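Residue numbers (the working numbering): 16 to 177.
Beta carbons: idealized from backbone N, C-alpha and C, even for Gly.
The model shown is predicted, which means the values in this text are computed figures rather than measured ones.
In structure tokens:
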């Protein structure tokens, strides 16, 4: 069976069927990422926080493009020998089209290449759409963190074993 995805190198991925191109972030991408961040979250990261994440997480920070337009991003890092999904978001016009899945697949591949055995993330207890997405990607809830978000909302801690 032929794969629908074509790998270019370890830092890029193209899903030919959907014209999704995944690449490492560049500093000039941050304004667009910030727009997606504000649109996507009740308590978005500040632009300064995104800049900081860029400088400290460049090798785990990817954007998705369709037709040259940034339509999503994912930020990861490594904490205590675990991969961690810091943030993932997709422009509302492109949700449900496989963008988030492509982003997550690239980050998972990167973690595997660096011998990471587990990936963790936090998700708002009210964000049922994201929870469903993470479960489809192989994550399972392993705990609850009280008052995790600035607005006082709890988060589920989710984990995927590689």
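(1) Measuring alpha carbon to alpha carbon, tell me which residue in 41, 130, 113, 143 is nearest residue 97.
(2) If you reduce the DSSP assignment to three classes, tell me which class residue 98 lands in.
(3) Terminal residues of the continuous beta strand (DSSP E) containing residue 171?
(4) Helix, strand or coil, according to DSSP, for residue 91 in the structure here?
(5) How many angstroms separate the CA atom of residue 86 from the CA atom of residue 157?
(6) Quick one: residues in its chain with C-beta nearer than 7 Å to the C-beta of residue 153, no 5 flanking neighbours on either side, listed in chain order?
(7) From residue 111 to residue 81, what distance separates their C-alpha atoms?
(8) In whole angstroms, give me the CA-to-CA distance for residue 65 and residue 90.
(9) Among all the DSSP beta bridges, which residues are the ones paired with residue 185?
Reading from the atomic positions:
(1) 130
(2) strand
(3) 170-176
(4) strand
(5) 30 Å
(6) 175
(7) 14 Å
(8) 9 Å
(9) Outside the shown range of the chain, which is 16 to 177, sits residue 185, and nothing can be said about it.
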